[in-house]
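Residue numbers (the working numbering): 14 to 294.
Yeah, the Cβ is synthetic: ideal placement off N, Cα and C, and Gly gets one too.
Dropping the structure here:
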């Protein structure tokens with residue numbers, strides 16, 4: 014029921030219309046899923062992943078090294094997914110989306126479906142096509158409702174005026190990584206946007222600072238060790254990834270999407286956590 018409640022809340026929440034770039038990302042995501050259904054994971058991921066894309070296994074690794082391990086179209090299961098939330102930078106060069114996925118067994122064993130949420134960062138390529146720059150999924154204990162929602166939602170905007178196109182992407186990237194590295198010193202309320210999302214492997218996603226701040230694991234003791242990331246040309250959207258450690262002793266890997274506020278401060282729009290089993294810390 015938790016998943017059903019979340020899907021209903023997302024559909025009922027007031028949301029601004031997705032930008033043209035966000036709609037393009039969602040359309041490309043649907044084409045990606047369609048190709049996966051028709052041709053298998055190996056062909057689909059090879060076509061829609063950027064050459065320098067990052068995948069999580071469970072930590073961040075170059076996707077190119079693992080694409081050949083993906084099952085081909087003859088695999089006895091089907092992977093399907095659908096975007097329900099999408100966002101993009103003002104420059105239209107970087108964006109992200111997320112939504113539920115389901116793995117359906119087509120073998121004679123007919124094992125129960127497996128559910129989860131995908132999370133992808135997309136970057137526009139030199140030729141103009143969107144491709145996945147980072148992909149990280151989380152498993153869910155149950156279905157989040159129908160795979161095909163009525164409409165795509167946009168992540169709430171945080172800027173009252175459009176940011177300017179910048180010419181210092183490397184400086185912006187270094188500043189964001191520094192912000193990420195120092196984030197364990199910041200209280201939860203100061204770190205997250207009001208409508209931020211938190212995805213943890215094995216749990217249903219939650220949305221909203223009140224629910225995230227109520228998690229005892231988010232007591233301001235999240236020590237991040239970023240290993241990579243990127244920032245849009247407009248300097249209003251970025252992402253980071255790396256390893257983390259909590260005061261409780263939990264360790265794992267994470268990915269974050271950040272948005273620049275009007276006051277010039279980076280805040281988290283979405284965080285994905287892949288905790289390691291206790292015996293692998």
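Less than 9 angstroms divides the Cβ of residue 111 from the Cβ of residue 131. Bounds of the beta strand (DSSP E) holding residue 127 are 127-137. Shown here for residue 148: same chain residues with a beta carbon closer than 6 angstroms to its own, the five before and five after excluded, namely 68, 133 in chain order.
Counting of Cβ neighbours within 10 angstroms places residue 98 among the buried residues, the total reaching 16 or more.
Excluding the 5 residues flanking it on each side, residue 96 has same chain C-beta neighbours closer than 8 angstroms at 38, 39, 42, 43, 110, 111, 112, 165, in chain order. With 16 or more other Cβ atoms inside 10 Å of its own Cβ, residue 54 counts as buried.
One Cα belongs to residue 49, the other to residue 83, and the distance between them is close to 11 angstroms. In this structure, residue 152 keeps its C-beta atom at 9 angstroms or more from the C-beta atom of residue 106. Residue 202 is classed as exposed because its beta carbon has fewer than 16 other beta carbons within 10 Å across all chains shown. When 168, 256, 86, 216 are compared, the shortest CA-CA separation from residue 265 is found for 256. Each residue's CA atom was taken as its position, placing residue 194 and residue 253 some 10 angstroms apart.
Distance between residue 196 and residue 283, taken at the CA atoms: about 14 angstroms.
Distance from the CA of residue 34 to the CA of residue 101, rounded to the nearest whole angstrom, comes to 6 angstroms. Counting only unbroken stretches of 4 or more residues, the alpha helix (DSSP H) elements lying wholly within the stretch 44-128 are 54-61, in sequence order.
Nearest neighbour of residue 267 by Cα position, chosen from 249, 72, 158, turns out to be 72. One thing to note: residue 155 has its Cβ within 9 angstroms of the Cβ of residue 217. Separation of residue 31 and residue 208 (C-alpha to C-alpha, rounded to the nearest whole angstrom) is 16 angstroms.
By the criterion of a C-beta distance shorter than 6 angstroms, residue 52 is surrounded in its chain by 86, once the five residues flanking it on both sides are discounted.
Counted as a single uninterrupted DSSP element, the alpha helix (DSSP H) harbouring residue 182 occupies residues 182-194. Residue 179 and residue 289 have their C-alpha atoms some 38 angstroms from each other. The alpha-carbon separation between residue 141 and residue 270 amounts to approximately 22 angstroms. In the DSSP annotation of this structure, the continuous segment of the beta strand (DSSP E) that includes residue 281 starts and ends at 279-288. The DSSP-derived three-state label of residue 209 is strand.
With distances taken between CA atoms, residue 236 lies nearest to 190 out of 219, 273, 220, 190. Spatial neighbours of residue 129 in its own chain (CB-CB distance under 7 angstroms, excluding positions within 5 residues in sequence) are listed in chain order as 114, 150, 151, 152, 153.
Assigned with DSSP and collapsed to three states, residue 244 falls in strand.
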